[in-house]
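Here's the structure, in structure tokens; my notes come after.
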């Protein structure tokens with residue numbers, strides 16, 4: 007009787023392990039990719055997946071490009087336009103073929119907002135989520151990477167296009183500006199809408215702006231992101 011019970015429990019454990027493995031997908035980042043505390047550009051950055059590194063995709067919100075990921079000890083949400091996976095020998099952007107990849111649907115439960123002490127309303131969502139979406143980030147290192155895992159085919163974009171001097175980074179960090187929130191994720195190589203106002207840096211050719219809560223350097227005239235200050 008004990009042997010039968012043990013076999014039954016062991017079989018159940020194996021089935022559960024198989025189901026868990028099927029529900030997870032190994033993905034590769036095509037750029038240094040932010041991991042946020044929630045599924046949206048307004049949520050704080052809690053870490054980043056390094057370009058060409060593998061992470062585990064646990065599920066994506068239905069109808070959205072935001073997916074729950076695990077990367078070492080880091081867990082959070084990443085924008086799936088910059089995550090690719092192997093599909094029968096072909097690298098694809100996971101959320102472009104969710105049915106083929108059998109990506110599970112993830113559900114995000116927003117943390118409860120604390121009651122205001124003065125009886126008024128809480129201005130922002132718990133966790134520092136503020137700001138309205140003012141547009142969308144254009145492009146990024148996606149298409150060039152598909153067809154070869156991230157940078158392996160020479161299409162991936164690494165952490166920066168330029169290497170600014172320490173005093174430039176210090177100036178940007180010590181002179182913050184009101185952030186603009188855009189749909190998508192800010193990555194090197196992407197282009198910001200023309201309507202985004204950028205600021206000058208003394209005696210420096212590039213401009214800066216805070217996008218989705220993160221300071222970035224952009225190319226004047228094109229608004230192309232050339233460096234992310236992390």
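Numbering (this note's numbering), first residue to last: 7 to 236.
A virtual CB, placed ideally from N, CA and C, is assigned to each residue, including glycine.
Fair warning: this is a prediction, and the values are worked out from it, not measured in the lab.
- Taking one beta carbon from each stretch, the segment 191-205 and the segment 217-235 have 3 or more pairs nearer than 8 Å; the two touch.
- Under the three-pair Cβ rule at 8 Å, the segment 40-54 counts as touching the segment 79-98.
- In terms of Cβ geometry, residue 216 and residue 193 do not form a close pair [threshold 9 Å].
- Leaving aside the five residues that flank residue 175 on each side, the residues in its chain whose CB is nearer than 7 Å to its CB run, in chain order, 235.
- The closest CA to that of residue 201, considering only 232, 144 and 180, is found on 144.
- Counting every other CB atom within 10 Å of its CB across the protein chains shown gives residue 231 a total of 16 or more, marking it as buried.
- Cβ-Cβ distances below 8 Å link residue 103 to 93 in the same chain, with the five nearest sequence neighbours on each side left out; the list follows chain order.
- Taking a contact as a CB-CB distance under 8 Å, the pair residue 66 and residue 112 counts as one, their CB atoms being some 6 Å apart.
- Distance between residue 77 and residue 87, taken at the CA atoms: about 17 Å.
- The closest CA to that of residue 47, considering only 203, 167 and 190, is found on 190.
- In the same chain as residue 107, and ignoring 5 residues on each side of it, the C-beta atoms closer than 8 Å to its own belong to 31, 91, 93, 98 and 100, in chain order.
- Between residue 75 and residue 56 the beta-carbon gap is near 13 Å, outside 8 Å, which marks them as no contact.
- Comparing alpha-carbon positions, the option among 210, 117, 85 and 116 lying closest to residue 173 turns out to be 210.
- Nearest in C-alpha terms to residue 105, of all of 180, 69, 45 and 214, is 69.
- For residue 60, the uninterrupted beta strand (DSSP E) segment begins and ends at 60-66.
- The continuous stretches of alpha helix (DSSP H) do not include residue 47, and DSSP gives it neither H nor E.
- Residue 93 is bridged by DSSP to 96.
- Between the alpha carbons of residue 206 and residue 177 lies a distance of about 11 Å.
- Look at residue 177 here: in three-state DSSP terms it is helix.
- Of the candidates 139, 37, 167 and 114, 167 places its Cα closest to the Cα of residue 233.
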